[in-house]
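J.: I have a structure I would like to understand better, so I am pasting it below and will then ask my questions one at a time.
Numbering (the working numbering), first residue to last: 71 to 374.
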């Protein structure tokens, strides 16, 4: 069996496993699918020397292509505007943005928010500080995005990610991540309001997406993503920003994307950018690239 045939068989098997799973409604599922498409495109059967082996490999390629076509349709449906990936990302990025806004870095933006949204932010601020809110909502954000991955022969790096764990463990992670002193008044207050204010953050986050203009993320098409070996190392320890990672797949159909002039440009909701800045300050990064995308808006060009 040629190396090309082995790769194609693995890609075809993994495509079927992904298609049967429920992870395509999540960013990690889109990442896994995008990598299958890239692996398939990278197979060059013209390099197979023996004619009979080349013919057999071509048949396997055709069969794998059909499975990838089915997977592509599912990915497009999952990432459509208003689809499950779009809604999940807007909700979680909005929750991070809502917590970040309470640090007082953009009072003009806060003042422009609809009164019900401002009232919700004020109520949250009276309960616990914005910093504690952000720390304790991050385990929820991770839990909403990372739901595990089927075993994929072509992508063993997924097995290095920590198990997402059961739903009931999220609350324990929230309390631990908040950094408040056990037994302190703030810890008691936090525990008493944790579930309610987490839902408030997620709900108000959904309302924030239309509160300001979107921004454009640009990435040179020459940027090289992490290879499999580096992903095995990084994904085990790296806190991942799943919102920026979705952009980096090039499969964010929910947000207008085009390639021109050696750049891939994606128009993202402003809450995604605010969340990216907040997460980068805490050591989070894309699952696919070391460099952040360049951000273009009316008044700035910068890295996230």
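Even glycine gets a Cβ: it sits at the ideal position worked out from N, Cα and C. Bear in mind that the values here come from a model prediction, so they are computed numbers and not experimental data.
Specify the secondary structure class of residue 239 as computed by DSSP and reduced to three states.
T.: Correct three-state label for residue 239: helix.
J.: Out of 238, 176, 222, 118, which has the shortest C-alpha to C-alpha gap to residue 103?
T.: Cα-wise, what sits closest to residue 103 is 222.
J.: Beta strand (DSSP E) containing residue 333: first to last residue?
T.: Element bounds for residue 333: 333–338.
J.: Look up residue 257 in the DSSP assignment and say whether it is helix, strand or coil.
T.: The answer is helix: DSSP assigns residue 257 an H, G or I state.
J.: CB residue 286 to CB residue 335, shorter than 7 angstroms?
T.: Yes, the Cβ-Cβ distance between residue 286 and residue 335 is below 7 angstroms.
J.: Report the start-end ranges of each beta strand (DSSP E) in the region 312–364 that is 3 residues or longer and not cut off at the edges.
T.: As far as the region 312–364 is concerned, its whole beta strand (DSSP E) runs of at least 3 residues are 327–330, 333–338.
J.: Can you give me the Cβ contacts of residue 321 inside the same chain, cut-off strictly under 7 angstroms, excluding the 5 residues immediately before and after it?
T.: Same-chain partners within the cutoff: 100, 104, 145, 149.
J.: Among the residues of its own chain, which have a CB less than 7 angstroms from the CB of residue 190, if the five just before and after it don't count?
T.: Excluding positions up to five away in sequence, the list reads 270, 274.
J.: For residue 184, name the three-state secondary structure that DSSP assigns.
T.: Residue state, collapsed to three classes: coil.
J.: Taking only three categories from DSSP, how would you classify residue 220?
T.: Reduced to three states, the DSSP call for residue 220 is coil.
J.: Can you grab the Cα-Cα spacing for the pair residue 292 / residue 200, in whole Å?
T.: Cα to Cα, the separation comes out at about 38 angstroms.
J.: Short check: CB of residue 244 to CB of residue 209, under 7 angstroms?
T.: Taking 7 angstroms as the Cβ cut-off, residue 244 and residue 209 qualify as a contacting pair.
J.: What is the residue span of the alpha helix (DSSP H) that residue 290 lies within?
T.: Counting along the chain, residue 290 falls outside any alpha helix (DSSP H), though it belongs to the beta strand (DSSP E) covering 285–290.
J.: Give the DSSP-derived three-state secondary structure of residue 366 in the structure shown.
T.: Strand, per DSSP.
J.: Taking its Cβ as the centre, do 16 or more other Cβ atoms sit within 10 Å of residue 298, making it buried, or is it exposed?
T.: Looking at its Cβ environment, which holds fewer than 16 other Cβ atoms inside 10 Å, residue 298 is exposed.
J.: Count the CB pairs spanning the region 114–133 and the region 301–318 that are closer than 8 angstroms, and state whether there are at least three.
T.: Too few Cβ pairs lie closer than 8 angstroms, so no.
J.: Straight-line CA distance for residue 84 to residue 224?
T.: If I take the Cα positions, the gap works out to 7 angstroms.
J.: In its own chain, which residues sit with a C-beta less than 8 angstroms from the C-beta of residue 242, not counting the 5 before and 5 after it?
T.: There are no such residues.
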